[in-house]
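Chemist: Encoded as structure tokens, here's the structure I'll be asking about.
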Amino acid sequence: MSTVPRKDTRSPAPHVADSHGLIRVHGAHVNNLKGVSVEIPKRRLTVFTGVSGSGKSSLVFDTIAAESQRMINETYSAFVQGFMPTLARPEVDVLDGLTTAIIVDQQRMGADPRSTVGTVTDANAMLRILFSRLGKPHIGPPSAYAFNVPSVRAAGAVTVDRGAKRAEKVTYSRTGGMCPRCEGRGDVTDLDLAQLYDDSLSLAEGAITVPGYKGGGWNSRLYIESGFFDPDKPIRRFTKKELHDFLHRAPTRMKIAGINMTYEGLIPRIQKSMLSKDKEAMQPHIREFVERAVTFTTCPECDGTRLAEGARSSKIKKLNIADVCAMQITDLAEWVRGLGEPGGTARAYGGGSHARGTVAPLLTALGHTLDSFVEIGLGYLSLDRPSGTLSGGEAQRVKMIRHLGSSLTDVTYVFDEPTTGLHPHDIRRMNDLLLRLRDKGNTVLVVEHKPQVIAIADHIVDLGPGAGTAGGTVCFEGTVEDLKAGKTVTGRHLGDRTALKETVRKPTGALEIRGASAHNLRNVDVDIPLGVLTVVTGVAGSGKSSLLHGSLNHRSEAADEGVVSVDQGAIRGSRRSNPATYTGLLDPIRKAFAKANGVKPALFSANSEGACPNCNGAGVVYTDLAMMAGVAATCEDCEGKRFQAAVLDHHLGGRDISEVLSMSVTQAEEFFGAGDARTPAAHRILGRLADVGLGYLSLGQPLTTLSGGERQRLKLATHMAEKGGVYLLDEPTTGLHLADVEQLLGLLDRLVDSGKSVIVIEHHQAVMAHADWIIDLGPGAGHDGGRIVFEGTPADLVAARSTLTGEHLAGYVGA
């Protein structure tokens, strides 16, 4: 069975030769693009390929989509634009033929703990309307079923003068469905007071141990100078009232050092500033504090449903809205269809066909939305799943739900590797969705590496030939057939296949998992071999991440082995962050510069004493033009180098600090040679960056400009420095070009050969074929998965062909 789907036989929209049928880009110089000029046919499916870092995202997202978004923003009034982010025009000579661009990327969804799969789509809103119409007992409007809307009763009375005839009182009330105990979060928190303060100390002595409340800053001054207690008295000697004011006092306005401020008890202040945020979005030191000081437990009042008692009491066919949102979407779709069948709602609620008729359009729309989830491969989710827990690929597919039923035509849809996280079995469905968007008269632009997606393209733009400064040019434009016949890196590797290993490594032991039942796992028992390369696979939603991240990381044996987990969590950093700061490489470099010149290391940080005073070390000056869009211009004082002129007078090996940060990893590895006694730590870090295929990155390149694949590998390089016997990787081929996969396999081999155990969650058949052992979960997703359907060598999996993975792997290796 071939894993490459047949070429779609539907005819693409007719090609229009004039400029109205083209998106024309001439002279693009964004990031590493070297005057790129392309003409992209409208109402076609164009796939952009090229090695990681070749400039695909710079062309598609940072040039075409960015300019479309900027031009749309300019159509709004100056008042509205004042509330919108300011976007500078991309550096391009000519850019015309644009249509409205809708970006469907892999950015993680919302850090708000109240954000769920249902709230970020229209599904929850439609369910709330449905329950407000059909729920018994009837409790109010749709907002009464919303856990994001607080309850407010008897909000006020207004006397209305009716021409002196009579006075009429009108009482307004608004009722939401939010649980008052947990405020719609589903869990409550218990704070360990011992982690908040040292009661043997006074406030003046620094008793508060919460991050951000030390060192005489405004947070600590607020408590010290509040006047509610003696700041020189140890907290353990506070009276009952003083302790209440310290920990629980309601917001109180006051002046501190002549500045108007709001005093609030320490506990509610921490709850608002820290606990209301998604833990994954916190800075590392804040997250560590929260994990140490806070215990999260299911809300005892709403039992984790987030809803007030009234919303929980209103039911349709014995189910309340929380029960419905907790259902797997495939099951929920069936339940909704049942309501729309003759007798479905009428029998339950009386009123003959009238009750059903009033909600028939709503049931149809809700059914279409739920069917879209199933069609896009997300039927295993539930609507109450927190959106922040979705992977990048899942988040992107959830965003697609909004557009599948859209009536818009002649818009430009921009996708960033839409097959990320998809099993080969699911890619055909994704292809069908992309083609459907095209056939509605839209332009579809896709950044992708998978041959299965490249195969359905009407037009291909291949960038390269290399990455970083070695890329940024168009190497090929044309059809799939012409690409295969061409000599570009993509064309040469399009038909790559990795043969099964002739011999596999023998395990040195095993990590035992017993009775795993997280999420959809069905009491799974499995032994994960040590000392080998193990690949865990299965369709999306089959339970792979639940098994490894949810079970393996909590096993005592895993702790003993020292598991280093590299998941798909995004790298967080500002535009000042770069590979040198993120990996810790800048520290030994700064120390080497300081020692060579007899000055302080802080001088060689653009975020500290060495920063250019004009741009504060940013390298650019941001100018707010009030009603017009703000602009960023290269700093005239430092010419974008970010450092004071005096700092650049100091040299190491004939180079100043800005010149070192402009080096690529490969250049820096040579500069800080292996025998250089000044910087052995720097050379080790650079070696790890080169090992993961990032030799082309410049040390000072802002993290905000890195592609998803580059960020993933940067994270892997950083974790390689940790001590641990087991490496757990989550789809390390994400963002990797076909030509880069071979280098990744070499890295995995080196890790295993050095005595490490490597466990990889992966869908790429080349990685499966290269494994020593495969664990396949399934057979389906959600409650249709959660079981081990195969354990053994890749050769045994291919020979058996007993699972979807086995069938696709057999087709890949030509068995």
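Using full-length UniProt numbering, count along the sequence shown one by one with no gaps and you end on 815. Glycine residues also receive a C-beta, built at the ideal position from the N, C-alpha and C atoms. All values derive from a computational prediction rather than experimental measurement.
1. Taking S605 as the reference, which of N597, G617 and G654 has the closest Cα?
2. In the DSSP assignment, what residue or residues form a beta bridge with I316?
3. Can you name, in chain order, every residue of its own chain whose Cβ lies under 7 Å from the Cβ of V480, other than the five neighbours on each side?
4. How close, in whole Å, do the beta carbons of G509 and G531 come, if the pair is a contact with beta carbons under 8 Å?
5. Given a threshold of 16 other Cβ atoms within 10 Å of its Cβ, counted over all protein chains shown, does Q69 qualify as buried or as exposed?
6. By Cβ distance, which residues of its chain are closer than 7 Å to F131, with the 5 residues on each side in sequence left out?
7. Measure the CB-CB distance between I775 and L728 and report whether it falls below 8 Å.
8. E242 by DSSP, collapsed to three states: which one?
9. Does DSSP put V359 in a helix, in a strand, or in coil?
10. Quick one: grab the DSSP three-state call for Q328.
11. Using C-beta distances below 6 Å, list every residue in its chain close to D796, excluding the 5 sequence neighbours before and after it, in chain order.
12. Might you give, ordered along the chain, the residues of its own chain that have their beta carbon closer than 7 Å to the beta carbon of G724, omitting 5 neighbours on each side?
13. Can you tell me whether S757 is helix, strand or coil according to DSSP?
14. What's the gap between the Cα of L433 and the Cα of L378?
15. With distances taken from CA atoms, which of S662, D303 and I788 is nearest S546?
16. What's the C-alpha gap between R438 and A633?
17. If you follow the alpha helix (DSSP H) that P451 is in, where does it begin and where does it stop?
18. In the DSSP assignment, find the alpha helix (DSSP H) that holds H683 and state where it starts and stops.
19. Counting beta carbon pairs with one atom in the region 26-40 and one in the region 461-480, are three or more of them shorter than 8 Å?
20. Helix, strand or coil: which one does DSSP assign to P251?
21. Say whether the region 747-763 touches the region 534-546, bearing in mind that this needs 3 or more beta-carbon pairs closer than 8 Å, one atom from each stretch.
22. Could you check what DSSP says for M261 in three-state terms: helix, strand or coil?
23. At the 8 Å Cβ level, is A499 part of the contact set with chain C, yes or no?
24. Distance, Cα to Cα, R312 vs I401?
25. So what's L652 in DSSP terms, helix, strand or just coil?
26. Note down the Cα distance separating V158 from T175, rounded to an integer number of angstroms.
27. Could you tell me the boundaries of the beta strand (DSSP E) in which A510 lies?
28. Take the Cβ of E731 as the centre, count every other Cβ of all protein chains shown within 10 Å, and call the residue buried at 16 or more, exposed below.
29. According to DSSP, simplified to helix, strand and coil, what is R221?
30. Counting C-beta neighbours from all protein chains within 10 Å, is the total for G227 16 or more, i.e. buried, or is it exposed?
31. Tell me which same chain residues have a C-beta within less than 6 Å of the C-beta of Q743, skipping the five on either side of it?
32. Would T63 and R385 qualify as a contact pair, given that the criterion is a beta-carbon distance under 8 Å?
33. Can you tell me whether G352 is helix, strand or coil according to DSSP?
34. By the DSSP assignment, the alpha helix (DSSP H) with R70 in it spans what residues?
35. Just the C-alpha distance for S577 and Q667, rounded to the nearest angstrom, thanks.
36. Please determine, among I376, V149 and M720, the residue with the shortest C-alpha to C-alpha distance to L689.
Modeler: According to the structure data:
1. G617
2. L319
3. I454, A455, A457 and I460
4. 7 Å
5. buried
6. Y145, S314, I316 and I321
7. no
8. helix
9. helix
10. strand
11. none
12. G562, V563 and V564
13. strand
14. 13 Å
15. I788
16. 38 Å
17. P451 to I454
18. P680 to D691
19. yes
20. coil
21. yes
22. strand
23. Considering every chain present, this structure includes no chain C. It has just one protein chain.
24. 28 Å
25. strand
26. Reliability fails at V158, whose pLDDT of 37 lies under 50, so the model's placement of it is uncertain and no value is given.
27. G509 to A516
28. buried
29. helix
30. exposed
31. G693
32. no
33. Reliability of the predicted coordinates at G352 is poor, the pLDDT of 41 falling under 50, and no value is obtained from them.
34. A66 to N73
35. 20 Å
36. M720
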